[in-house]
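Structure first, then comments.
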Amino acid sequence: MQELAKAYNPQEHEDAIYALWEKSGFFTPENLPKPPAGGRKPFVIMLPPPNVTGSLHMGHALNAAIQDILIRSKRMRGYDALWVPGTDHAGIATQNVVEKMLKKQGVSRHDLGREKFIEKVWEWKEQYGNTIIGQLKKLGASCDWSRLRFTMDAGYVKAVEAAFRHYYEKGLIYKGKRVVSWCTRCQTSLSDLELEYKDEESKLWHIRYMIPGRERTIADRDYIVVATTRPETLLGDEAVAVHPDDERYKGLVGKSVILPIHQREIPMIADAAIDMAFGTGAVKVTPAHDITDFEISRRHDLPLRQIIDERGKMTAEAGKLFEGAKVLEARERIIAELEAQGLLDKEEAYPHRIAVCYRCGTVIEPIPSEQWFLKMDVLAQKALLAVKEKRITFHPQRWEKIYTDWLENIRDWCISRQIWWGHKIPLDGETDVLDTWFSSALWPFATLGWPKKTPDLEKYYPTQVLSTARDIINLWVARMVYSGIEFMDREPFADVIVHATVLAKDGRRMSKSLGTGVDPMDLIAKYGADATRFGLIWMSLGGQDMKFGEEPIIAGKKFLNKIWNASRFVGGRLGGDISCAFPESPRIVENAAMIESAHAAAKTITESIDAYDFGQALHIAYDFFWHTFCDKYIEWAKTRDDEETKQTLGATLAASLKLLHPFVPFATEALWQHIRKDDWPQQLMIAEWPNIHE
RNA sequence: GGGCGCAUAGCUCAACGGUAGAGCACUUGCUUUACACGCAAGGGGUUCUAGGUUCGAAUCCUAGUGCGCCCACCA
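Under the working numbering, the first residue of the first sequence is numbered 55, with each subsequent residue one higher.
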């Protein structure tokens with residue numbers, strides 16, 4: 055055996071080891087050597103496809119480590135372990151990135167036109183889209199790269215079309231004019247889940263709507279007061295609504311009031327959606343520019359008067375005084391006008407949350423728009439039942455509530471987007487593409503060849519586990535569940551791991567804009583991939599969010615050095631004559647105890663992995679290796695020279711490398727390659743997992 | 001307005017009904033022939049507060065305080 059360096063240096067080994075793995079082809083289950091008796095059962099995970107805009111962040115790194123631990127341990131346990139990787143075209147996100155790039159060259163997407171622009175996006179995708187794939191390899195992810203997919207590759211386009219047609223023919227997809235959340239910058243509609251909220255120090259303006267004739271209302275006035283945060287929308291008001299039980303307005307319902315500025319008569323209506331306790335209990339109803347008001351307007355058959363256009367400017371309907379003005383300019387003019395006319399009752403400070411686009415932060419304008427919708431009631435029920443009847447379990451289980459609460463209060467899904475980058479809507483003319491999540495929802499089976507009945511689909515669907523971040527439980531997980539049931543008649547996975555969120559050291563979110571982000575690639579460069587994986591998993595105990603610090607990664611680095619040197623010692627002591635097998639009936643008490651400890655460790659590590667307690671599994675492995683094997687046994691074995699002890703020493707090392715491999719694959723494989731004898735499995739990656747039944 | 005999570009050693013976290021542990025940091029020794037990325041020994045906690053249940057509580061219950069996150073069509 056060649057001399058090993060005194061200290062483990064990850065940079066010397068990681069790339070070579072990964073190349074060795076890729077060359078062997080064992081990431082592809084069909085290439086695995088001789089199946090165990092009884093054949094191999096599949097164990098399948100679909101990688102949540104990262105956006106082609108992205109590079110690996112700490113959440114990705116943690117999630118990749120979790121999935122790799124599962125896949126590697128199952129592969130060693132004799133499963134056809136398949137981890138399917140891929141990337142997501144990420145509609146709006148990618149379009150925005152490319153638009154920004156073009157802007158630097160002084161070009162807008164409209165300058166280019168649709169076709170040219172999409173060409174640019176594909177170019178961009180080819181150039182940068184696989185950044186994260188390279189980073190996953192750096193991290194040691196044992197994905198089957200021969201099955202790499204993209205949510206807009208040729209086969210995937212077919213899947214999306216088939217899904218759309220299926221829903222359409224079933225009557226679940228319809229087109230309609232609705233008030234939708236509209237981003238005036240991205241020029242597209244957005245679903246509820248694509249909105250973010252921002253606190254704003256706003257004002258609540260109390261406005262007087264005069265009552266015609268000499269009728270009197272509460273407090274003996276000839277006007278009623280409505281409160282609003284958006285006075286400019288009054289130009290589109292079609293009613294004033296009160297609660298049906300509100301005694302204050304009893305006599306007025308069914309009569310009318312005079313809309314300020316335009317002097318239109320609009321009706322007073324009663325609707326149960328109104329909260330009597332808020333403000334004056336009377337609400338202006340603007341059907342075209344508020345989603346709730348739109349719903350009220352449908353119940354009362356009110357017209358839809360659009361006064362704001364998709365660029366966020368006032369339309370001709372708003373009147374000559376306002377046409378062409380931006381919303382905020384119109385607001386100022388309206389307030390000034392109301393004040394001049396004595397119709398501004400009062401204004402008060404009002405802290406308030408406003409919806410903004412999750413991609414660009416622009417304030418959302420609700421506007422009426424022709425859109426495609428997917429009916430959700432029946433599909434949502436299917437997704438709910440899958441969890442309620444325990445065909446799908448979340449880990450930790452409390453996340454099921456997030457999922458069920460959303461599905462129980464769901465609205466139809468607006469699936470059309472007015473952007474250029476995405477799947478074209480099959481029945482549509484030129485304009486729209488599908489929400490990016492419409493294609494992601496098909497991921498667990500579209501990646502396996504659906505709608506074709508492929509052997510892969512037959513063999514590998516359904517998958518076993520999905521591991522993901524919590525913020526896409528509804529955006530993605532719920533949609534995969536009902537899609538799987540709808541198209542495959544079977545839930546796409548049995549277990550959903552909702553992994554911890556990696557927070558900055560001070561407990562804030564990691565984000566580029568806050569400057570709190572940590573780049574996992576920097577950590578890999580500094581400490582190696584194994585140590586980085588070790589640190590992340592070491593911290594992820596009990597499903598709690600983790601405040602990230604480098605200390606556990608340093609602990610990982612030291613631990614790897616410990617493994618390295620223990621192996622160096624055992625290798626030197628046994629002179630290359632290392633056995634993988636424990637002595638059958640040890641006569642020496644210390645050896646028997648060592649073997650028993652190794653079996654016990656194997657058992658608890660395996661059980662912890664199966665329970666998705668990866669942090670606990672790693673702590674057990676660490677404690678076993680360092681404090682039992684090294685501190686006690688190796689120290690004792692130094693004084694011995696008998697065959698039984700030598701055999702125990704070698705076999706315990708081999709078992710330890712196997713148990714540690716899913717967590718720290720590079721160093722353990724490098725050592726295996728160094729100490730292995732010809733009759734050993736050619737790679738630790740496919741070595742048999744220690745027996746846990748003893 | 002609802003919901004969820006967390007509060008344990010200087011720091012980051014385990015333990016989840018039976019005498020409080022780890023990693024990092026700290027102290028004191030060690031060129032012990034695998035490892036100073038190491039070895040040995042050690043210091044440090046009335047487990048947020050106040051009640052309660054129990055023979056026994058960090059662990060269960062109630063209330064409070066402080067952080068963090070999510071959902072919602074109070075205009």
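Beta carbons: idealized from backbone N, C-alpha and C, even for Gly.
Taking Arg471 and Asp489 to be in contact with their CB atoms under 8 Å, please state how far apart those CB atoms are, rounded to whole angstroms. Position 417 of the first sequence, counting from 1, holds the residue named residue 471. Position 435 of the first sequence, counting from 1, holds the residue named residue 489. About 6 Å; that satisfies the 8 Å criterion.
Inter-stretch contact at 8 Å, needing at least 3 Cβ pairs: the segment 494–508 / the segment 212–222: yes
Considering only DSSP beta bridges, list what Phe683 is partnered with. As a first step, residue 683 must be located in the first sequence, where it is residue number 629. Paired residue(s): none; Phe683 is not in a bridge.
Taking 6 Å as the limit between beta carbons, can you name the residues of its chain near Asp695, skipping five residues before and five after? As a working note, residue 695 is residue 641 in the first sequence. Cβ within range, chain order: n/a, list empty.
According to DSSP, simplified to helix, strand and coil, what is Val410? Here residue 410 corresponds to residue number 356 of the first sequence, with the count starting at 1. Three-state result, Val410: strand.
Cβ neighbour criterion (16 or more within 10 Å) applied to Ser200: Counted from its first residue, the first sequence places residue 200 at position 146. Burial call: exposed.
Among Val296, Pro102, Ser537 and Thr369, which has the Cα closest to the Cα of Glu286? Counting from 1 along the first sequence, the entry for residue 286 is found at position 232. Ranking Val296, Pro102, Ser537 and Thr369 by Cα distance to Glu286 puts Thr369 first.
Could you give the distance in angstroms between the alpha-carbon of Leu438 and the alpha-carbon of Glu248? Translated into positions along the first sequence, residue 438 becomes position 384. Translated into positions along the first sequence, residue 248 becomes position 194. C-alpha separation (whole angstroms): 22 Å.
Candidates Ala548, Ala558, Ile591 and Leu725: which alpha carbon is nearest Ile632's? Reading the first sequence from its first residue, position 578 is the one you call residue 632. Selected option, being the one with the closest Cα: Leu725.
Need the endpoints of the alpha helix (DSSP H) that Gly145 sits in, please. One-based indexing of the first sequence puts residue 145 at position 91. Unbroken alpha helix (DSSP H) run through Gly145: Gly145 to Lys158.
4 or more residues per run - each alpha helix (DSSP H) lying fully within the segment 369–412: DSSP runs (the alpha helix (DSSP H)) wholly in the segment 369–412: 381–394.
Within the continuous beta strand (DSSP E) that includes Ala295, where are the two ends? Here residue 295 refers to the residue found at position 241 of the first sequence. Counting along the chain, the beta strand (DSSP E) containing Ala295 begins and ends at Ala293 to Val296.
Taking the alpha carbon of Trp680 as the point to measure from, which residue in Trp426, Leu703, Phe613 and Val718 has its own alpha carbon closest? Residue numbering aside, residue 680 sits at position 626 when the first sequence is read from its first letter. Closest option to Trp680, Cα to Cα, is Phe613.
Check whether the segment 579–599 and the segment 549–568 touch, using three or more Cβ-Cβ pairs below 8 Å as the test. yes
Using the C-alpha atoms, what's the distance from Val161 back to Phe171? Here residue 171 is taken as the residue at index 117 of the first sequence, counted from 1. Here residue 161 is taken as the residue at index 107 of the first sequence, counted from 1. Cα to Cα, the separation comes out at about 10 Å.
Just verifying my parser: in three-state terms, what is the DSSP assignment at Asn105? On the first sequence, position 51 is the one that residue 105 refers to. Three-state DSSP puts Asn105 in a strand.
CA-CA distance, Gln317 and Phe348? Indexing the first sequence from 1 puts residue 317 at position 263. Indexing the first sequence from 1 puts residue 348 at position 294. Using only the alpha carbons, I get a separation of about 22 Å.
Out of Asn745, Ala691 and Gln736, point me to the one whose CA is closest to Leu86's CA. The residue labelled residue 86 in the question sits at position 32 within the first sequence. The shortest CA-to-CA distance from Leu86 to any of Asn745, Ala691 and Gln736 is the one to Gln736.
Would you check if the distance between the CB atom of Ile261 and the CB atom of Gln360 is smaller than 9 Å? Locating residue 261 in the first sequence gives position 207, where the first residue counts as 1. Locating residue 360 in the first sequence gives position 306, where the first residue counts as 1. No, the pair does not count as a contact, with Cβ atoms beyond the cut-off.
Between Leu101 and Ile663, is the Cβ-Cβ spacing less than 9 Å? The count along the first sequence starts at 1 and reaches residue 101 at position 47. The count along the first sequence starts at 1 and reaches residue 663 at position 609. The answer is no: Cβ separation not under 9 Å.
Who are Pro420's beta bridge partners in DSSP? Along the first sequence, read from residue 1 onward, the residue named residue 420 stands at position 366. BP columns for Pro420 point to Ser235.
Excluding the five sequence neighbours on either side, which residues of its own chain have a C-beta within less than 6 Å of the C-beta of Ile578, listed in chain order? Here the question's residue 578 lines up with position 524 in the first sequence. Apart from the 5 residues on each side of it in sequence, Ile578 sits with its Cβ closer than 6 Å to the Cβ of Lys192 and Thr586 in its chain, given in chain order.
Relative to the C-alpha of Ala324, which candidate in Lys88, Thr334, Glu650 and Leu306 has its C-alpha closest? If you number the first sequence from 1, residue 324 lands on position 270. When only C-alpha atoms are compared, the closest one is Leu306.
Which residues in the same chain have their Cβ closer than 8 Å to the Cβ of Glu393, if we skip the five residues on either side of it in sequence? In the first sequence, counting from the first residue as 1, residue 393 sits at position 339. Counting only Cβ-Cβ distances below 8 Å, and skipping sequence neighbours, we find nothing.
Going by C-alpha distance, which of Gly335, Glu319, Ala281 and Glu454 is nearest Lys304? Along the first sequence, read from residue 1 onward, the residue named residue 304 stands at position 250. Looking at the Cα atoms, Gly335 is the closest of the given residues.
Starting from Glu540, trace the alpha helix (DSSP H) in both directions and tell me its first and last residue. Counting from one through the first sequence, the residue named residue 540 turns up at place 486. Element bounds for Glu540: Arg533 to Met542.
Per-residue DSSP class, three states only, for Thr141: As a first step, residue 141 must be located in the first sequence, where it is residue number 87. Residue state, collapsed to three classes: strand.
Could you check if Arg129 is buried or exposed, using at least 16 other CB atoms within 10 Å of its CB as the buried criterion? For the purposes of this step, residue 129 is taken as residue 75 along the first sequence, with counting starting at 1. Result: buried.
I need the straight-line Cα distance from Lys478 to Gln425, nearest angstrom please. Locating residue 478 in the first sequence gives position 424, counting from the first residue. Locating residue 425 in the first sequence gives position 371, counting from the first residue. For Lys478 and Gln425, the distance between alpha carbons rounds to 13 Å.
Over the uninterrupted alpha helix (DSSP H) stretch that includes Lys179, give me the two end residues. Here residue 179 corresponds to residue number 125 of the first sequence, with the count starting at 1. Unbroken alpha helix (DSSP H) run through Lys179: Arg168 to Tyr182.
Please determine, among Asp733, Pro716 and Ile729, the residue with the shortest C-alpha to C-alpha distance to Trp743. Here residue 743 refers to the residue found at position 689 when the first sequence is read from its first residue. Out of Asp733, Pro716 and Ile729, Pro716 has the C-alpha closest to the C-alpha of Trp743.
Specify whether the segment 175–187 and the segment 106–113 touch according to this definition: at least 3 beta carbon pairs, one from each stretch, less than 8 Å apart. yes
Looking only at C-alpha atoms, which of Val98, Ala705 and Val152 sits nearest to Cys240? Within the first sequence, the letter at position 186 stands for residue 240. Looking at the Cα atoms, Val152 is the closest of the given residues.
Hey, out of Val339, Ser256 and Ile315, whose CA is closest to His297's CA? For the purposes of this step, residue 297 is taken as residue 243 along the first sequence, with counting starting at 1. Cα-wise, what sits closest to His297 is Val339.
Grab the span of the alpha helix (DSSP H) containing Met112 for me, first residue to last. For the purposes of this step, residue 112 is taken as the residue at position 58 of the first sequence. Run containing Met112: Met112 to Met130, per the alpha helix (DSSP H) assignment.
Output the boundary residues of the alpha helix (DSSP H) element that contains Pro509. The residue given as residue 509 occupies position 455 in the first sequence. Counting along the chain, the alpha helix (DSSP H) containing Pro509 begins and ends at Pro509 to Tyr514.
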